[in-house]
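Worksheet: the structure to be examined is printed underneath.
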Amino acid sequence: MEALDYLKEAQRMCKSYPDCKGCPLKSSACGLIRFIADRSNAEMRCATKVVEQWSEEHPNKETEHED
Numbered sequence: 006m007e008a009l010d011y012l013k014e015a016q017r018m019c020k021s022y023p024d025c026k027g028c029p030l031k032s033s034a035c036g037l038i039r040f041i042a043d044r045s046n047a048e049m050r051c052a053t054k055v056v057e058q059w060s061e062e063h064p065n066k067e068t069e070h071e072d
């Protein structure tokens, strides 16, 4: 996943979990940016995989028809 795509999907994922309840990253109240800033490269690779999996499981209906 390209960096910009990751950020867009992370943002979309974040918005889908009000107050971070149920977020697969298990971060605290809107902590995605803090989560990213405080992690090692290995942790970021893991987080990228979580976002990619979430993105595959939750297709963006708005972008499916953009082609």
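Everything in the sequence shown is counted per the numbering used here, starting at 6 for the first residue and increasing by one. Built from N, CA and C at the ideal position, the CB exists for glycine as well. Just so we're clear, the structure is a prediction, and the values are computed from it rather than from any experiment.
So the alpha helix (DSSP H) cysteine 19 belongs to, where does it begin and stop? 8 to 20
Using C-beta distances below 8 angstroms, list every residue in its chain close to proline 23, excluding the 5 sequence neighbours before and after it, in chain order. none
Where does the unbroken alpha helix (DSSP H) through asparagine 65 begin, and where does it stop? Looking at the DSSP string, asparagine 65 is not in any alpha helix (DSSP H), and its letter there is neither H nor E.
What does the Cβ neighbour count give for glutamate 7, buried or exposed, with the cut at 16 atoms within 10 Å? The residue in question, glutamate 7, is exposed, as its Cβ has fewer than 16 Cβ neighbours within 10 Å.
Neighbour-count burial assignment, alanine 34, 16 or more Cβ in a 10 Å radius: Confidence in alanine 34 is poor, its pLDDT being 47 and thus under 50, which makes the residue's placement too unreliable to answer from.
Do valine 56 and glutamate 14 come within 7 angstroms of each other at the CB atom, strictly closer than that value? Result yes, Cβ atoms of glutamate 14 and valine 56 sit closer than 7 angstroms.
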